[in-house]
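**Student:** Numbering (UniProt numbering), first residue to last: 1 to 170. Note that CB positions come from ideal geometry on N, CA and C, so glycine has one too. Bear in mind the structure is a predicted one, so any value in this text is a computation, not a measurement.
#1: Reducing DSSP to helix, strand and coil, say where residue 1 ends up.
#2: Could you have a look at residue 169 and say whether DSSP puts it in helix, strand or coil?
#3: Taking only runs of the alpha helix (DSSP H) that begin and end inside the segment 70-128, which ones reach a length of at least 4 residues, in chain order?
#4: Are the segment 39-54 and the segment 84-98 in contact at 8 angstroms, needing three or more beta carbon pairs?
#5: Classify residue 150 as buried or exposed, calling it buried when 16 or more other Cβ atoms lie within 10 Å of its own Cβ.
#6: Quick check on DSSP: helix, strand or coil for residue 24?
#7: Classify residue 149 as helix, strand or coil using the three-state DSSP reduction.
#8: Go ahead and pull the three-state DSSP assignment for residue 50.
#9: Okay, do the segment 105-117 and the segment 16-28 touch, 3+ Cβ pairs below 8 angstroms being the bar?
#10: Could you tell me the distance, in whole angstroms, from the CA atom of residue 93 to the CA atom of residue 24?
#11: Between the C-alpha atoms of residue 69 and residue 78, what's the straight-line distance to the nearest angstrom?
#12: Using the beta-carbon count (16 or more within 10 Å), is residue 73 buried or exposed?
#13: Just to confirm before moving on: does the CB-CB distance between residue 160 and residue 96 stay below 7 angstroms?
#14: In this structure, does DSSP put residue 160 in helix, strand or coil?
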């Protein structure tokens, strides 16, 4: 029951986030966020449908663990607490890198690919999940580039300059 609740909460969060993309002002990363939310919604639904729920929960935890630090960095930045924002951003960048650039591709995707090749060669849903997982990794790489760009700016100037996505594209 707790896992089903977690799935419902994650699904509702991403459905809400998808709707908000069309209501809030468009930022530079609108299309990455749109793709991310659609991919995530599909992965949640498909993993629940084919009963690879434990795998889905692990992927959710890996992808959600850096989010609180990002939100804290934004909160502190908007409260003009520069040092706290800088520290929260540094922790966010480290957690994001470890969870999404190391753990996700090597501890999650690699074994999933092996499992797929050995046991589920003909399952269209598993093929779809594999493709969606690769697409999610590609979005993570794009975001890691944004984070690296901000980190380089931080190292040069000694403080965060704000969210580089915040220039509206309208």
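**Tutor:** Checking against the coordinates, here is how it stands:
#1: In the structure shown, residue 1 sits in coil (DSSP, three-state: anything other than H, G, I, E or B).
#2: In this prediction, residue 169 scores a pLDDT of 49, lower than 50, which makes its location untrustworthy; the coordinate-derived value is nonetheless stated afterwards. Coil, per DSSP.
#3: 82-96, 110-119
#4: no
#5: Here residue 150 is buried, its C-beta having at least 16 other C-beta atoms within 10 Å.
#6: When secondary structure is reduced to three states using DSSP, residue 24 falls in the coil class, being assigned neither helix nor strand.
#7: When DSSP states are grouped into helix, strand and coil, residue 149 belongs to the helix group.
#8: coil
#9: no
#10: Roughly 25 angstroms between the two C-alpha positions.
#11: Those two C-alpha atoms are separated by around 14 angstroms.
#12: In summary, residue 73 is buried, with 16 or more beta-carbon neighbours lying within 10 Å of its beta-carbon over all protein chains present.
#13: no
#14: coil
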